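Position in the sequence shown (from 1) plus 2 gives the number in the working numbering.
Glycine included, every Cβ here is placed at the ideal spot set by N, Cα and C.
Bear in mind the structure is a predicted one, so any value in this text is a computation, not a measurement.
Have a look at the structure below, then the notes.
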Amino acid sequence: MTVEFVHVFHPPATPDAPVLLLLHGTGGNEHDLLPLAERLVPGAGVLSPRGKVLERGMPRFFRRLAEGVFDIEDLTQRTQELAAFVAESATVHKFSTDKVIAVGFSNGANIAGALLLLRPDVVGGAILFRAMVPLTPETLPQIEQTPVLISNGRVDPLVSAEETGHLAALLRSAGAEVTVAWQAAGHELTESDITSAREWLARQPFRAR
Ligand code: MLT
3 MTVEFVHVFH PPATPDAPVL LLLHGTGGNE HDLLPLAERL VPGAGVLSPR
53 GKVLERGMPR FFRRLAEGVF DIEDLTQRTQ ELAAFVAESA TVHKFSTDKV
103 IAVGFSNGAN IAGALLLLRP DVVGGAILFR AMVPLTPETL PQIEQTPVLI
153 SNGRVDPLVS AEETGHLAAL LRSAGAEVTV AWQAAGHELT ESDITSAREW
203 LARQPFRAR
């Protein structure tokens, strides 16, 4: 591999199963979302990297200047690096990137959103828990038929309903099939997020585009 991340990889149990690209939140690591993956799609493959940026010792996937204010240059470069890692992992482990569903929480959801906007070639769909608008690309990608679930909290002090609406509109304007699931919750993940994601996943065919 020319692009390295500390990571966990589990191959999919069957050729049809998706590969979940697990992207943790600030202060998390590559193990955080493994139990969630097992609950979302038993038998799914898992590719779970650890973010390389350290903020006061807490791993993240890109730098921020303040809460919710992102270093766009760093985010862009790290999105490209993560995309290269996913593409190389797909070659090495012999899975199709069409089968990759990014599953991100908070900071991980934000880099998953950036992947959709800058490098949609490495993901077939995405589940974004507590996501913000990561950036607005100069040119919108064409991501028709890419299913995206945004699962955000109605009383999240970090992500407003307006920002959630902007993210959904941005992805829709690029052609994505966006579903927004509102949770009676704040920034933390809840059981109802998992239920929404399972129900949404059950409606996805995971077929190649
Ligand atoms: C976080 O705590 O990770 C933020 O709310 C989201 C981000 O900085 O990407």
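Check whether the Cβ atoms of P149 and E179 sit closer than 7 Å, and answer yes or no.
Here residue 149 refers to the residue found at position 147 of the sequence shown. Here residue 179 refers to the residue found at position 177 of the sequence shown. Closer than 7 Å, so yes.
Any heavy atom of ligand 1 closer than 6 Å to the Cβ of L160?
Within the sequence shown, numbered from 1, the residue matching residue 160 stands at position 158. L160 Cβ: within cutoff of ligand 1.
Bridge partners - L49, DSSP secondary structure assignment:
In the sequence shown, the residue the question calls residue 49 occupies position 47. According to DSSP, L49 bridges with F11, L23.
Does the region 100 to 109 come within contact of the region 33 to 52, defined as at least 3 CB pairs closer than 8 Å?
yes
Where F72 and T16 are concerned, what is the direct C-alpha to C-alpha distance, given to the nearest angstrom?
Along the sequence shown, one-based indexing puts residue 72 at 70. Along the sequence shown, one-based indexing puts residue 16 at 14. Near 38 Å, if we compare the C-alpha coordinates of T16 and F72.
Reducing DSSP to helix, strand and coil, say where L191 ends up.
Taking the sequence shown and counting its residues from 1, one reaches residue 191 at position 189. Coil at L191, not helix or strand.
Ligand 1 heavy atoms versus the CB of T28: any closer than 6 Å?
By 1-based counting over the sequence shown, the position of residue 28 is 26. Yes.
Rounded to the nearest angstrom, what separates E165 and R132 at their Cα positions?
The residue you call residue 165 lines up with position 163 of the sequence shown. The residue you call residue 132 lines up with position 130 of the sequence shown. If I take the Cα positions, the gap works out to 11 Å.
What number of angstroms, rounded off, separates the C-alpha of E190 from the C-alpha of S153?
Against the sequence shown, residue 190 aligns to sequence position 188. Against the sequence shown, residue 153 aligns to sequence position 151. Distance between the alpha carbons of E190 and S153 is about 11 Å.
Kindly list the residues whose CB is nearer than 6 Å to the CB of F11, restricted to its own chain and excluding five residues on each side of it in sequence; keep chain order.
The residue labelled residue 11 in the question sits at position 9 within the sequence shown. Excluding positions up to five away in sequence, the list reads L49.
State buried or exposed for L35, treating a residue as buried only when at least 16 other CB atoms are found within 10 Å of its CB.
Within the sequence shown, numbered from 1, the residue matching residue 35 stands at position 33. So L35 ends up on the buried side.
Return the first residue and the last residue of the alpha helix (DSSP H) that T78 is part of.
Working through the sequence shown from its first residue, we reach residue 78 at position 76. It spans 74 to 95 - the alpha helix (DSSP H) in which T78 sits, taken as one unbroken run.
Measuring straight from C-alpha to C-alpha, what distance separates G53 and T28?
As a working note, residue 53 is residue 51 in the sequence shown. As a working note, residue 28 is residue 26 in the sequence shown. G53 and T28: Cα-Cα distance of roughly 9 Å.
What would DSSP say about R41, mapped onto helix, strand or coil?
The residue given as residue 41 occupies position 39 in the sequence shown. Here R41 sits in helix by DSSP.
Here's a check: name, in chain order, each residue in its chain whose Cβ is nearer than 7 Å to the Cβ of R200, leaving out the five neighbours to either side.
In the sequence shown, the residue the question calls residue 200 occupies position 198. So the list reads L42, once near-sequence residues are dropped.
Is N31 helix, strand or coil when you go by DSSP?
Here residue 31 corresponds to residue number 29 of the sequence shown, with the count starting at 1. Of the three classes helix, strand and coil, the one that applies to N31 here is coil, per DSSP.
Decide if S98 is buried, meaning its Cβ has at least 16 other Cβ atoms within 10 Å, or exposed.
Reading the sequence shown from its first residue, position 96 is the one you call residue 98. Classification for S98: exposed.
Leaving out five residues on either side along the sequence, give the residues of the same chain with a beta carbon under 6 Å from the beta carbon of S194.
Here residue 194 refers to the residue found at position 192 of the sequence shown. Cβ within range, chain order: Q185.
C-beta atoms of I113 and L25 nearer than 7 Å:
The sequence position of residue 113 within the sequence shown is 111, counting from 1. The sequence position of residue 25 within the sequence shown is 23, counting from 1. Their beta carbons are under 7 Å apart, which means I113 touches L25 by this criterion.
Distance check for L173 and R58, CA to CA, integer angstroms please.
Mapped onto the sequence shown, residue 58 falls at position 56. Mapped onto the sequence shown, residue 173 falls at position 171. The straight-line gap from Cα to Cα measures roughly 32 Å.
What residue does the alpha helix (DSSP H) around T166 start on, and which one ends it?
The residue you call residue 166 lines up with position 164 of the sequence shown. Run containing T166: 163 to 175, per the alpha helix (DSSP H) assignment.
Cut-off 8 Å between Cβ atoms - residues of its own chain near R156, not counting five sequence neighbours on either side
The sequence position of residue 156 within the sequence shown is 154, counting from 1. Closer than 8 Å at Cβ, skipping near neighbours: A163, W184, Q185, A186, A187.
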